[in-house]
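First the structure, in the form of structure tokens, and then the observations on it.
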Amino acid sequence: MQEDFHYYATYCAAYLAGYSHEESMEICYSAQFVDLCSRTLLSKLGGPKAAATTQLQLELMDARTDLTGLQDITRIWSSFHFLPRDLHAEVKGLKRYRDKYRLICGPNGDLVRDTVELAKGKSLQAAGVAMHVLADTWAHQHFAGTPSLVINNTNYHFFEILETEEGLKDRRVLFRHSASAPDDPEAGLYTNSVYQSSEKNIMNLGHGRAGHLPDYSFIRYRYMPAWGKYREIIKNNPEDYLHAFTQMIYALRYLRGDNPSFETDTYDVAAVSPYAKEIWAILRRRQLDASADWKAFGEKLSGRTIGDFDIGAYQKEYVDAEKGSKGNTFLGKFFLAALTQKSMVTNRIHSSGNSLAGISIDFNEKGFGGMADFASILEARADSAVEEITDGLLDQRSAEEFDSGGLKAEEFDSGEGAAAEEQGGEDA
Ligand SMILES: [Zn+2]
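Count the sequence shown with numbering that gives the first Met the number 0 and you get residues 0 to 427, in order.
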């Protein structure tokens with residue numbers, strides 16, 4: 000998902016859930032900031048590097064792809080953008096990829112409930128972080144936040160489902176690898192990442208092989224995910240995004256105290272029914288960026304102006320704060336929310352017997368939430384706990400699992416898959 004949903008639509012959801020304009024702005028700012036809080040930014044601000052919620056392209060290029068490096072990547076992307084749906088999913092025939100298979104993202108799993116519950120009674124920043132994670136479970140479903148060709152690859156069988164006057168029609172998606180050319184929905188031309196045959200190549204992280212299609216609310220497509228053993232999947236983004244929007248309202252009502260509990264598969268449809276037509280129209284409009292539509296809708300709801308997202312808005316406050324009071328700043332609260340979420344997800348993955356994300360101490364249970372001056376403690380404890388402890392405690396078995404990648408991937412891409420790659424080569 001992009002700024003149109005994480006910022007503007009999240010504002011609308013928060014306002015519809017009963018938050019004030021000012022509170023809604025803080026929630027949607029935090030939701031959007033999840034896409035920007037990289038280690039590069041954190042080191043510029045002097046913030047705790049373990050609070051990174053994303054990795055820049057450049058950081059990913061430099062990232063180590065040994066076991067520790069892969070665990071670091073997996074912690075970030077699984078915790079914030081590809082929340083696993085079922086950590087105990089049974090896999091038929093993909094046994095050696097079981098742990099990666101279990102990291103496939105999807106909505107309404109136990110972890111999304113844990114994510115929302117974790118934000119209860121905490122800051123507006125925590126609510127925003129949770130809304131980013133929840134929304135992404137809808138957009139990014141069927142992909143995993145760990146580099147894996149076997150899980151995340153796509154092939155030539157990829158069709159957009161178009162509504163025409165004669166009914167639904169399929170059109171083959173033409174993928175190209177030009178990062179500079181914008182996607183062209185009218186021509187059906189979309190950019191995706193280059194095929195990389197190595198199982199754990201960084202290009203095989205997340206939905207790169209499906210390009211930005213998962214990020215567009217209007218699009219519907221059918222394709223065969225690599226893990227699906229040639230079973231086709233139909234992705235209906237307008238419906239999924241409507242689920243995301245109404246589930247955010249329901250979750251935010253729970254965080255505000257209106258709903259006594261958060262149950263999965265529950266949506267606040269009543270809150271949107273007066274605006275159903277308008278929301279549905281925004282979701283279905285064929286455009287690469289729906290920001291202007293969501294902004295106009297949000298401003299109509301509240302009668303207030305929704306300012307543009309400004310990455311620098313709260314940086315000075317954090318940098319200038321005294322050492323003991325950084326935790327009370329806007330970004331200080333965001334970093335704590337991020338650390339809490341990351342450690343919770345990492346712990347859940349680890350305790351399911353899956354070592355792909357390494358281990359982490361549980362900040363929520365260790366009680367750092369109440370500490371104002373957490374930055375230096377977290378910096379020390381988080382970086383050493385998250386990165387060094389994992390170094391020391393890895394067992395040989397998990398190392399071997401990582402190194403054995405690639406074989407199954409060749410199976411998938413044998414035969415017809417090769418044709419798609421030839422085609423890809425011409426585009427490049
Ligand atoms: Zn995301």
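Glycine included, each C-beta is placed from N, C-alpha and C at the ideal position.
Among all the DSSP beta bridges, which residues are the ones paired with residue i?
| i | result |
| --- | --- |
| Gly166 | Thr163 |
| Leu254 | According to DSSP, Leu254 bridges with nothing at all. |
| Phe157 | Tyr222 |
| Asp183 | Leu188 |
| Ile103 | Ala143 |
| Pro83 | Cys104 |
Within 10 angstroms of the Cβ of residue i, are there 16 or more other Cβ atoms? Answer buried if so, exposed if not.
| i | result |
| --- | --- |
| Gly256 | exposed |
| Asn327 | exposed |
| Met60 | exposed |
| Lys43 | exposed |
| Asn107 | buried |
| Ser196 | exposed |
| Gly120 | exposed |
| Thr163 | exposed |
| Gly144 | buried |
| Asp65 | exposed |
| Val172 | buried |
| Phe373 | Residue placement at Phe373 cannot be trusted, given a pLDDT of 36 that sits under 50; the coordinates are not used to answer. |
| Pro47 | buried |
| His80 | buried |
| Ser19 | exposed |
| Arg74 | buried |
| His5 | buried |
| Glu159 | buried |
| Asp183 | exposed |
| Leu117 | buried |
| Glu321 | exposed |
| Lys228 | exposed |
| Glu262 | exposed |
| Thr136 | buried |
| Arg170 | exposed |
| Lys299 | exposed |
| Ser147 | buried |
| Asp34 | buried |
| Leu133 | buried |
| Asp264 | exposed |
| Pro83 | buried |
| Lys94 | exposed |
| Pro273 | exposed |
| Ser254 | As written in the sequence, residue 254 is Leu, which differs from the Ser given in the question. Leu254 should be labelled buried. |
| Ser260 | exposed |
| Ala381 | Its pLDDT being 42, under 50, Ala381 is placed unreliably in this model, and the coordinates cannot settle the point. |
| Pro181 | exposed |
| Gln56 | exposed |
How is the beta strand (DSSP E) around residue i delimited, first residue to last?
| i | result |
| --- | --- |
| Ile233 | 232–235 |
| Thr190 | 188–190 |
| Tyr100 | Here Tyr100 belongs to no beta strand (DSSP E); instead the alpha helix (DSSP H) covers 97–100. |
| Leu173 | 173–175 |
| Arg219 | 219–222 |
Starting from residue i, follow the alpha helix (DSSP H) in both directions and report where the run begins and ends.
| i | result |
| --- | --- |
| Tyr14 | 9–15 |
| Trp226 | Note, Trp226: premise wrong, no alpha helix (DSSP H); not H, not E. |
| His139 | From DSSP, His139 is part of no alpha helix (DSSP H); its letter is neither H nor E. |
| Tyr317 | 314–319 |
| Asn498 | Since the first residue of the chain shown is 0 and the last is 427, residue 498 is not available in this structure. |
| His349 | 329–350 |
| Ile281 | 275–283 |
| Asp113 | 109–118 |
| Gln70 | 66–79 |
| Ser290 | 290–301 |
| Val193 | Taken as a continuous stretch (DSSP letters only), Val193 belongs to no alpha helix (DSSP H), as it is neither H nor E. |
| Val271 | 268–271 |
Review point. Got a list of residues with beta-carbon closer than 5 Å to any non-hydrogen atom of ligand 1, in chain order?
Key: His80, Asp135
Check your understanding: Going along the chain, which unbroken runs of the alpha helix (DSSP H) with 4 or more residues stay wholly within the segment 8–62?
Key -> 9–15, 20–32, 38–44, 56–61
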